[in-house]
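Trainee:
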Amino acid sequence: MTDTAPFLEIIDLSVEMKTETGTIRVLDNVSLQIRRGTTLGIVGESGCGKSMTALAMMRLLPPGFEITSGQIILDGEDITRASDARMRALRGNDISMIFQEPMTSLNPVFTVGDQIAEAVRQHQGLDKAKAEQRAIEMLKSVQIPGAEARLHSYPHEFSGGMRQRVMIAMALACQPRLIIADEPTTALDVTVQAQIFALMRELQEETGTAIMLITHDLGAVAELADDVAVFYSGWRIESGPAASILRNASHPYTSGLMSCTPRLRLGKAAAGGAADLREIAGMVPQLGQMPQGCRFAPRCALADDHCRSAVPPDVGVAPAHSAKCWKTEAEVLA
Amino acid sequence: MDTFQRLSSTFKRLLEAFLLVMAVVVLNFLLIQLAPGDPVEVIVGEMGGASEELMAQLRAQYGLDRPVIEQLGIYVGKVLTGDLGYSYYFNTPVLDLLLQRVPATVLLVMTALFLSVLVGTIAGAVSAKKPDGIGSHIVTIISLVGYSAPVFWIGMMLIILFASMWPIFPVAGMYSIRRPDGFAYYVDILHHLALPAITLATIYVAFYSRLARTSMIEVLGQDYIRTARAKGLSERKVVWKHGLKNGLIPIVTMVGLQFGQLFAGAVLVETVFNWPGLGRLAYESILRRDYPTLLGILLFSAVLVMIANALTDLAYRWIDPRIRKT
Numbered sequence: 001m002t003d004t005a006p007f008l009e010i011i012d013l014s015v016e017m018k019t020e021t022g023t024i025r026v027l028d029n030v031s032l033q034i035r036r037g038t039t040l041g042i043v044g045e046s047g048c049g050k051s052m053t054a055l056a057m058m059r060l061l062p063p064g065f066e067i068t069s070g071q072i073i074l075d076g077e078d079i080t081r082a083s084d085a086r087m088r089a090l091r092g093n094d095i096s097m098i099f100q101e102p103m104t105s106l107n108p109v110f111t112v113g114d115q116i117a118e119a120v121r122q123h124q125g126l127d128k129a130k131a132e133q134r135a136i137e138m139l140k141s142v143q144i145p146g147a148e149a150r151l152h153s154y155p156h157e158f159s160g161g162m163r164q165r166v167m168i169a170m171a172l173a174c175q176p177r178l179i180i181a182d183e184p185t186t187a188l189d190v191t192v193q194a195q196i197f198a199l200m201r202e203l204q205e206e207t208g209t210a211i212m213l214i215t216h217d218l219g220a221v222a223e224l225a226d227d228v229a230v231f232y233s234g235w236r237i238e239s240g241p242a243a244s245i246l247r248n249a250s251h252p253y254t255s256g257l258m259s260c261t262p263r264l265r266l267g268k269a270a271a272g273g274a275a276d277l278r279e280i281a282g283m284v285p286q287l288g289q290m291p292q293g294c295r296f297a298p299r300c301a302l303a304d305d306h307c308r309s310a311v312p313p314d315v316g317v318a319p320a321h322s323a324k325c326w327k328t329e330a331e332v333l334a
Numbered sequence: 335m336d337t338f339q340r341l342s343s344t345f346k347r348l349l350e351a352f353l354l355v356m357a358v359v360v361l362n363f364l365l366i367q368l369a370p371g372d373p374v375e376v377i378v379g380e381m382g383g384a385s386e387e388l389m390a391q392l393r394a395q396y397g398l399d400r401p402v403i404e405q406l407g408i409y410v411g412k413v414l415t416g417d418l419g420y421s422y423y424f425n426t427p428v429l430d431l432l433l434q435r436v437p438a439t440v441l442l443v444m445t446a447l448f449l450s451v452l453v454g455t456i457a458g459a460v461s462a463k464k465p466d467g468i469g470s471h472i473v474t475i476i477s478l479v480g481y482s483a484p485v486f487w488i489g490m491m492l493i494i495l496f497a498s499m500w501p502i503f504p505v506a507g508m509y510s511i512r513r514p515d516g517f518a519y520y521v522d523i524l525h526h527l528a529l530p531a532i533t534l535a536t537i538y539v540a541f542y543s544r545l546a547r548t549s550m551i552e553v554l555g556q557d558y559i560r561t562a563r564a565k566g567l568s569e570r571k572v573v574w575k576h577g578l579k580n581g582l583i584p585i586v587t588m589v590g591l592q593f594g595q596l597f598a599g600a601v602l603v604e605t606v607f608n609w610p611g612l613g614r615l616a617y618e619s620i621l622r623r624d625y626p627t628l629l630g631i632l633l634f635s636a637v638l639v640m641i642a643n644a645l646t647d648l649a650y651r652w653i654d655p656r657i658r659k660t
């Protein structure tokens, strides 16, 4: 397999939620690729299907949710319908996940050392002493001071940033080939966010693991991601190389997102002027009441009747860069 | 310094416990004074009648002719020296009487407690794994029945079914009339223990299965359970290791709080099954107006409940690291 072949490929994945009134499609024909050793940033508002994609990849969808079509291919193996036993062997070993909430994602009644060592013992069959040794190494690699002593601490004795480091240590313990980081810094304050991102990049350089970074922080994407996928309302509406997307956002939603990122202008702030915060008008459609055509049309300044009645195709705008929009092509041609 | 602090906090707790026991003693004594009935009349009644003179002599002998406050003073003073007085009825020291009966009650209560926590927790946890499954509904229905059926009724039903219609267990008592030796002696006691313990445990099995179900449903929805699954742990480890240790916290709390109620339940069960423990003795002592014995039993129960609470505290610390002192 060459280096450019995708390590993980998602093809036309749909996830549906069963409710009393019917089924709701929370992910609609989503396709993604992650190349070996690279970072894919996934961007979008809350509820757009970012986390659902991650949980579908882990095959840990909450009760009531189900993959209804499509494929998830990990290193040539279709895991969409892999057995529970096979998935357990993959989870924590080949794919691991860092969750959004470091405060609640660690078990309060076991020591952090036990929780890290557990994964190693599960997958690599190390004995207790060796697994503990590995846990110390992992705590050191995520730069927790006094790792030997901290091994026997409980999660409540750590700060939020430290807990997220423990989560990262746990996720990396078996040297997985893919890490899914679901908004790993949302619950942390800004200085700690920068530390965590720096740590992730460092560890990626050392271990060559692929990362899927779910975030709504475009700054983080610019800093860490090689490729970007933008989600809106269960659709992947734009994807491509990070540089291409950041320079040349082709979907109106993506360009809207970028103009929403506040930029600090010292002169104005010092003068006490109001910060220039922009937003995309309107609201994300309710999952049960999707518009007929383009899901973004109700909020889109460019939308016309065609947009409102027909689902847009994926339109190539640059090498490996496409956007799901009727207007993109017209603009490119113009 | 550290040892000193620990010692002084232990001492403080012991002192608190002591004061609490004394308060229980005084309160019980005064409550019994309020109750109607005269021990001397009961004694005389058992004797088949006696003269006024003899009754006055008995009153003087037992100190019942003195003012209540003086009686209380004498009783508290004696209790402090470890003397719980004489039983009016058995004419033996109350302490001896209690020491004879305590093992039977402790055996019954602890067995019932163990059974109910074990069975209740497992049933609750299993039904929490699939809250809408058939197993879960069966557990809910059985626990509802167990919770609402009176203890004495369950006891009598068990006697009718398993001691009379299908006699695999003895009807009552703690030993066979011909006591076997050695190992068979203990087996014999266990054989007698089965029905009373199950009777006493039933309501608590129901209670703990409901508690465990609620607690485990909540725990299994927590983020750290998802983390455990994301680690690739088996469902067995996720539920019975990561889930249960958290789910046990409210159960341990309730065990500590309910220990006293379990004693109250033992009074009924011991009476139904003629189990020679403190509960039946308490019931009989009330009927016989044997107040020293009754007071002794109440004092003993208070001490046992306090010991149980201290043990609960320890268990709690063991399970939940967040409340351990650093």
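Note that the protein sequences, when read in sequence, are chains X and V. Residues in the first sequence are numbered consecutively from 1, following my numbering. Residues in the second sequence are numbered consecutively from 335, following my numbering. Using N, Cα and C, we set each Cβ at its ideal position, and we do this for glycine too.
1) Along chain V, in chain order, which residues have C-beta atoms closer than 7 Å to that of Gly92(X)?
2) What do you get for Ser159(X), buried or exposed, if any count of 16 or more other CB atoms within 10 angstroms of its CB means buried?
3) Please report the distance separating the alpha-carbon of Ser105(X) from that of Arg656(V).
4) When you compare the CB positions of Gly288(X) and Ile24(X), do they come within less than 7 Å of one another, or not?
5) Name, in chain order, the residues that DSSP records as bridge partners for Val315(X).
6) Label Cys300(X) either buried or exposed according to how many other C-beta atoms from any shown protein chain fall within 10 Å of its C-beta, with 16 as the threshold for buried.
7) How far does the alpha helix (DSSP H) with Ile408(V) in it reach, from first residue to last?
8) Identify whether Leu529(V) lies in helix, strand or coil by the three-state DSSP scheme.
9) Alpha carbon to alpha carbon, what distance is there between Ser153(X) and Cys294(X)?
10) Which residues share a DSSP beta bridge with Ile95(X)?
11) With 8 Å as the limit, tell me which residues of the stretch 199-225 of chain X have their beta carbon closer than that to any beta carbon of chain V; keep them in chain order.
12) Is the beta carbon of Ile10(X) closer than 7 Å to that of Leu32(X)?
13) How many Å lie between Arg622(V) and Ile377(V) at the Cα?
14) In the DSSP assignment, the alpha helix (DSSP H) including Glu238(X) goes from what residue to what residue?
15) Starting from Val401(X), find everything on chain V with Cβ-Cβ shorter than 7 Å and list it in chain order.
16) Should Ile488(V) be labelled buried (16 or more other beta-carbon atoms within 10 Å of its own) or exposed?
17) Helix, strand or coil, according to DSSP, for Ser309(X) in the structure here?
18) Once you ignore the five residues that flank Gly581(V) on each side, which residues in its own chain have a CB closer than 7 Å to its CB?
19) Under three-state DSSP, which class holds Tyr154(X)?
20) If the criterion is Cβ atoms closer than 7 Å, does the pair Asn29(X) and Tyr558(V) meet it?
21) Classify Gln71(X) as helix, strand or coil using the three-state DSSP reduction.
22) Would you kindly report the start and end of the unbroken alpha helix (DSSP H) that includes Met491(V)?
23) Could you work out which residue in Ala323(X), Asp305(X), Arg91(X) is closest to Ile180(X) when comparing CA atoms only?
24) Please go through the same chain and pick out, in chain order, the residues whose beta-carbon is closer than 6 Å to the beta-carbon of Arg544(V), but skip the five residues on each side of it.
25) Using only CA atoms, which one of Ile211(X), Ser239(X), Arg35(X) lies nearest to Ile98(X)?
26) Can the beta-carbon of Ile168(X) be found closer than 7 Å to that of Leu151(X)?
27) Just reading off the alpha helix (DSSP H) that Phe607(V) is part of, what are its end residues?
28) In whole angstroms, give me the CA-to-CA distance for Ala129(X) and Pro155(X).
29) Nearest-angstrom Cα distance between Leu368(V) and Leu418(V)?
30) To the nearest angstrom, report how far apart Tyr650(V) and Asn643(V) are at their CA atoms.
31) So, Ser470(V) versus Pro626(V), is the Cβ gap smaller than 7 Å?
32) Who are the neighbours of His152(X) on chain V, taking C-beta pairs under 9 Å?
33) Relative to the C-alpha of Ala528(V), which candidate in Gly379(V), Phe448(V), Thr646(V) has its C-alpha closest?
34) Tell me the rounded alpha-carbon separation between Gln592(V) and Val639(V).
35) Using a C-beta cutoff of 7 Å, does Tyr558(V) count as contacting chain X?
36) Hey, does Thr104(X) have any beta-carbon neighbour from chain V nearer than 7 Å?
Mentor: Considering the structure as presented:
1) The count along the first sequence starts at 1 and reaches residue 92(X) at position 92. Residues of chain V passing the Cβ test: Ala564, Lys565, Gly566.
2) Here residue 159(X) is taken as the residue at index 159 of the first sequence, counted from 1. Counting Cβ neighbours within 10 Å, Ser159(X) comes out exposed, since fewer than 16 surround it.
3) Start at 1 with the first residue of the first sequence, and residue 105(X) comes out as number 105. Start at 1 with the first residue of the second sequence, and residue 656(V) comes out as number 322. When rounded, the distance between both Cα atoms is 16 Å.
4) Numbered from its first residue, the first sequence carries residue 288(X) at position 288. Numbered from its first residue, the first sequence carries residue 24(X) at position 24. Yes; because the gap between Cβ atoms is below 7 Å, this pair is in contact.
5) Position 315 of the first sequence, counting from 1, holds the residue named residue 315(X). According to DSSP, Val315(X) bridges with Ala323(X).
6) The sequence position of residue 300(X) within the first sequence is 300, counting from 1. Classification for Cys300(X): buried.
7) Your numbering for residue 408(V) matches position 74 in the second sequence. Per DSSP, Ile408(V) belongs to the alpha helix (DSSP H) from 402-414.
8) Along the second sequence, read from residue 1 onward, the residue named residue 529(V) stands at position 195. In the structure shown, Leu529(V) sits in a helix (DSSP, three-state: H, G or I).
9) Within the first sequence, the letter at position 294 stands for residue 294(X). Within the first sequence, the letter at position 153 stands for residue 153(X). Roughly 51 Å separates the two Cα atoms.
10) Start at 1 with the first residue of the first sequence, and residue 95(X) comes out as number 95. Its beta-bridge partners are Arg91(X), Leu178(X).
11) none
12) Here residue 32(X) refers to the residue found at position 32 of the first sequence. Here residue 10(X) refers to the residue found at position 10 of the first sequence. Yes, Cβ-Cβ distance for Leu32(X) and Ile10(X) is below 7 Å.
13) For the purposes of this step, residue 622(V) is taken as the residue at position 288 of the second sequence. For the purposes of this step, residue 377(V) is taken as the residue at position 43 of the second sequence. Cα-Cα distance, rounded: 8 Å.
14) The residue given as residue 238(X) occupies position 238 in the first sequence. Run containing Glu238(X): none in the alpha helix (DSSP H); it sits in the beta strand (DSSP E), 235-241.
15) Lying before the first or after the last residue shown, residue 401(X) is absent from chain X, which here runs from 1 to 334.
16) One-based indexing of the second sequence puts residue 488(V) at position 154. Buried.
17) Locating residue 309(X) in the first sequence gives position 309, where the first residue counts as 1. Residue state, collapsed to three classes: helix.
18) Locating residue 581(V) in the second sequence gives position 247, where the first residue counts as 1. Taken in chain order, the residues that qualify are Ala459, Ala546, Ser549, Met550, Val553.
19) Within the first sequence, the letter at position 154 stands for residue 154(X). Coil, per DSSP.
20) Position 29 of the first sequence holds residue 29(X). Position 224 of the second sequence holds residue 558(V). Taking a C-beta distance under 7 Å as the contact criterion, Asn29(X) and Tyr558(V) do not qualify as a contact pair.
21) Indexing the first sequence from 1 puts residue 71(X) at position 71. Here Gln71(X) sits in strand by DSSP.
22) Indexing the second sequence from 1 puts residue 491(V) at position 157. Start and end: 485-493.
23) By 1-based counting over the first sequence, the position of residue 180(X) is 180. That would be Arg91(X), whose Cα lies nearest to the Cα of Ile180(X).
24) Against the second sequence, residue 544(V) aligns to sequence position 210. The answer, listed in chain order, is Ser477.
25) One-based indexing of the first sequence puts residue 98(X) at position 98. Out of Ile211(X), Ser239(X), Arg35(X), the CA that lies nearest to the CA of Ile98(X) is found in Ile211(X).
26) On the first sequence, position 168 is the one that residue 168(X) refers to. On the first sequence, position 151 is the one that residue 151(X) refers to. No, the Cβ-Cβ distance between Ile168(X) and Leu151(X) is not below 7 Å.
27) In the second sequence, the residue the question calls residue 607(V) occupies position 273. From DSSP, the alpha helix (DSSP H) with Phe607(V) extends over 578-607.
28) The sequence position of residue 129(X) within the first sequence is 129, counting from 1. The sequence position of residue 155(X) within the first sequence is 155, counting from 1. Roughly 21 Å between the two C-alpha positions.
29) Residue numbering aside, residue 368(V) sits at position 34 when the second sequence is read from its first letter. Residue numbering aside, residue 418(V) sits at position 84 when the second sequence is read from its first letter. Going by the C-alpha atoms only, they are around 20 Å apart.
30) Counting from 1 along the second sequence, the entry for residue 650(V) is found at position 316. Counting from 1 along the second sequence, the entry for residue 643(V) is found at position 309. Roughly 10 Å separates the two Cα atoms.
31) Walking along the second sequence from the start, residue 470(V) turns up at place 136. Walking along the second sequence from the start, residue 626(V) turns up at place 292. No, the pair does not count as a contact, with Cβ atoms beyond the cut-off.
32) On the first sequence, position 152 is the one that residue 152(X) refers to. Chain V residues near His152(X): none, gap ~10 Å exceeds 9 Å.
33) On the second sequence, position 194 is the one that residue 528(V) refers to. Cα-wise, what sits closest to Ala528(V) is Phe448(V).
34) As a working mapping, residue 592(V) is identified with position 258 in the second sequence. As a working mapping, residue 639(V) is identified with position 305 in the second sequence. In this model, Gln592(V) and Val639(V) are separated by some 9 Å (Cα to Cα).
35) Here residue 558(V) refers to the residue found at position 224 of the second sequence. It does; some Cβ of chain X falls within 7 Å.
36) For the purposes of this step, residue 104(X) is taken as residue 104 along the first sequence, with counting starting at 1. True, the Cβ-Cβ gap to chain V drops below 7 Å.
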